[in-house]
Each structure stands twice: as structure tokens, then as C-alpha cells.
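Input: a single structure, listed below in C-alpha cells.
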Amino acid sequence: MPFDPLISERARLRANILFLAFEVKLIRLALLLTRLERKDDDDEDEGPDDDDGPNSPHLLHLAGAGDPPQLPGNRPPTSALRTQALKFAARELAQAIQDGRAEDFLNELQETAKWIGDRLVEIRSYLDEPKSLAELNELANEPAPGYQVHHIVEQTPALQDGYSRAEIDSPNNLARVPTLKHYEINAWYQKPSDQFGGQTPREYLSDKAWYVRRDVGLDALQRFGVLK
Amino acid sequence: MTKPNLSTMPNPDLIREFTELALQQSYAEAREDFARFRVLYDLMQDVADELKVRNSRHLLVSLYEHPNLWVRYKAAVHSLIVLPQEARAVLEDLKAKKLYPAAADAFGVLRALDDGSFVPK
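Chains as they are written, first to last, in the working numbering: chain A, 2 to 229; chain B, 688 to 808.
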């Protein structure tokens, strides 16, 4: 079926409404649960860096080696696995919106993965429309749940190559981006790319000047639908 | 992961191999297992090279409507040189769908094609 942006936009709006209703239901459920049971694990989620490795038995719960990823019904035990599961749920929801089955998907999510109710804000921000660079720069000063501050020129390689902290943290190098988009962009930097002849973007940029890194950084924001 | 003998493999098996490698890449990406993704990327390049030697890259057209969007993306990229219009249409469709990561990579390849920084071989 050919892709129709108007149908997709209507479906997206409808999904947003359904999403709100879903969030209300989950808030009620969360209130009820907090009265009934003590929270089993209140560790901070810090993104994908505290993973316990690709061969972790926990990872098999999300996606066994060679198997398609699936949404785990139980809350995954590490931050990295929860992030992967959230990214998976957000991508599935985006697909469901386009296929006109967002309501079914959200109902399924509610039935099968209640733990995700705590993290809905991240799935919701994943569906944000792109913003201008000025907006993204400005919003970097306004922290909000579901968002992270992203360095347009990647900070660790820039530091390693002798760029100053002042350059790296300058306001025009900072952008507030949806958390799960942030993880997708970080993943893209580490993945071999056809466009760069099989090098990862990070490898490609390793000997490049600041302005090239910035061009690629802005391109990354555009390609993931964060920047207009 | 054992390396199959591609030179003796019939074309339909090569296409199946290509499909499986693309699927595994998409799973590795979802799990953020970049070491595995790298191995799979290089294995796929071997399959694409074998298809090129046989002048059979046009067979990838059979994957242009595969349910997995990453399979579509890889099939389009590796057949751009032999089916430029058809493969480009697949990339344009992926970009328009805004479903990631396939949309992001399609976006990049289209932009690079247009500015001449990516030339299919």
C-alpha cells in the first residue's frame, strides 16, 4: 500500500489522543499498585551504558541471539535492557500508527507490559515532530522528563581530539532531544554505514575538523526526525 | 557464525542468505550489539560482491517489499547501480515512512547520492 502522509498524520493525532487515555488508565493503575505493593527496584536509569553485555542471559529475554526482539512482559533487570525494550516499544508504536492499529497496540501494551507505564513519557516524546535548531538549542536549558541534552558534535571523541570543554558545551552545540531518539543517534554513530563506505560515522569523523563533525551531527538530527 | 561457500551457492540461496543477514543486522541493531552488526555487515558485503560477479544484483528486487524495513533498505542500496530508479523509489518510501533506523539510513544515502558523495558501484 503506498504511503500517504495525510492518512499517517491523522493516524498520529488519533494515536496521541489514545495515548492520553492510556496514560490516564496507567496513572490510575500505578496509584492502585503503589497502595498494594512495595516497589521492588528503584534504581536510577542511566541509559545504555550499564549493560551487562550482549551475551547476558537477561538479553535473551528481550531478544535471544539471532531471534527477533520482543517486548518483555516483566520489567527487565538492567537499565540497558529497559532502554532497548522501550526503544522497541516506541518503534512498534510508530509502525502501528502508520498501519492504523495504534489502539490495538496500546491495548496490547497495557495488557502485556504494564511495567512500561513508568516510562510512557519516553515513548511519547519519541513521537515528537521535528523542531528548528534554535528551538532545540533553547530547550537544552529546560530539562524535562523524556528528553536528554545531546551534543551535536559528539563530546567524547571531541575531548579525545583536543577540543575544549567550552567549545563542546557551548550553547550552539547542545540540543534537547527525545531520550529514545538520543539512543538511536548514539547507536547510529557506532554502526557501519553504507554512506561512509562501511566505516561507522564515528570512525569516519575521527580525523575530521569541527565543522565536518558538526555537519554530520546536524545530519544525524535531521535523519532521525529531530531537526527540521 | 560459519562462513558459507558463496561461490557454489545457487542464486536463490544467495538471496536467502542476504535476507537472513539483513534480518540479523536489524536484530543486532535493536540489541545495540555493534560487534555482531559489524560481522554481519562484512558478511553481507561478501554476498553482495558474489551477486555482482554474477551480474545478479537485480534479483534483490524481490526484497523491495519485504516486511522488515531494514531488509528493504539493504536490498535497495545493493541494487542501486543496476536498478537506479526502482531502488531509489524504495529509499524514498523508507525515508517518507519515518520508521527508524531504516528511514535514517535511507535519508543519508539519498542525500549522499544527490550531493555526489555516495556513488554506487
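For every residue, glycine included, the Cβ atom is placed at its ideal position computed from N, Cα and C.
Computed from a prediction, not measured in an experiment: that's the story for all the values here.
I'd like the list of long-range same chain contacts for residue i, defined as Cβ closer than 6 Å, with 5 residues on each side in sequence excluded.
i                : result
Glu143 (chain A) : none
Ile186 (chain A) : Ala221, Phe225
Ala735 (chain B) : His765
Glu704 (chain B) : Val734
Ile98 (chain A)  : Ala12, Arg13, Ala16
Could you round the C-beta distance between residue i and residue j to whole angstroms and report it? I think they count as a contact, below 8 Å.
i                : j                : result
Lys182 (chain A) : Tyr127 (chain A) : 6 Å
Glu123 (chain A) : Leu87 (chain A)  : 6 Å
Gly199 (chain A) : Gln711 (chain B) : Contact flag wrong, Cβ pair sits at about 17 Å.
Arg741 (chain B) : Tyr751 (chain B) : Not confirmed; about 19 Å, so no contact.
Lys782 (chain B) : Ala790 (chain B) : 6 Å
His745 (chain B) : Val769 (chain B) : 5 Å
Leu708 (chain B) : Leu756 (chain B) : The Cβ separation is near 15 Å, so there is no contact.
So, helix, strand or coil for residue i, using DSSP?
i                : result
Ala176 (chain A) : strand
His183 (chain A) : helix
Glu38 (chain A)  : Here the model assigns Glu38 (chain A) a pLDDT of 37, short of 50, so the residue's position is not dependable and the matter cannot be decided.
Pro58 (chain A)  : Confidence in Pro58 (chain A) is poor, its pLDDT being 32 and thus under 50, which makes the residue's placement unreliable; the coordinate value appears in the next sentence. Helix at Pro58 (chain A).
Leu286 (chain A) : Chain A is shown only over 2 to 229; residue 286 (chain A) falls outside these bounds and no answer can be derived.
Leu228 (chain A) : strand
Pro202 (chain A) : helix
Arg15 (chain A)  : helix
Glu143 (chain A) : coil
Gly74 (chain A)  : coil
Ser207 (chain A) : coil
Val122 (chain A) : helix
Asp68 (chain A)  : coil
Glu10 (chain A)  : helix
Beta-carbon within less than 7 Å of residue i's beta-carbon, same chain only, minus the 5 sequence neighbours each way: which residues are those?
i                : result
Ala715 (chain B) : Arg723, Phe724, Leu727
Val217 (chain A) : Pro202, Leu206
Go to residue i, then tell me how far its alpha helix (DSSP H) extends in each direction, as first and last residue.
i                : result
Gln711 (chain B) : 698-717
Gly795 (chain B) : 789-802
Ile98 (chain A)  : 80-99
Leu137 (chain A) : 134-140
Thr213 (chain A) : Before going on, a small fix: residue 213 (chain A) reads as Val here, not Thr. Note, Val213 (chain A): alpha helix (DSSP H), 211-224.
Leu746 (chain B) : From DSSP, Leu746 (chain B) is part of no alpha helix (DSSP H); its letter is neither H nor E.
Val726 (chain B) : 721-740
Phe106 (chain A) : 103-113
Glu168 (chain A) : 166-169
Thr157 (chain A) : 156-161
Return the first residue and the last residue of the beta strand (DSSP E) that residue i is part of.
i                : result
Tyr148 (chain A) : 148-152
Considering only residues of the same chain and omitting the five flanking positions on each side of residue i, which have a CB-CB separation below 8 Å?
i                : result
Arg203 (chain A) : Glu155, Pro158, Tyr190, Gln191
Leu160 (chain A) : Arg166, Ile169
Ala95 (chain A)  : Tyr127, Leu128
Met696 (chain B) : Glu704, Glu737
Leu175 (chain A) : Asn138, Ala141, Val150, His151, His152, Ile153
field: Entirely enclosed alpha helix (DSSP H) segments - the segment 758-786 of chain B, minimum 4 residues
entry: 771-784
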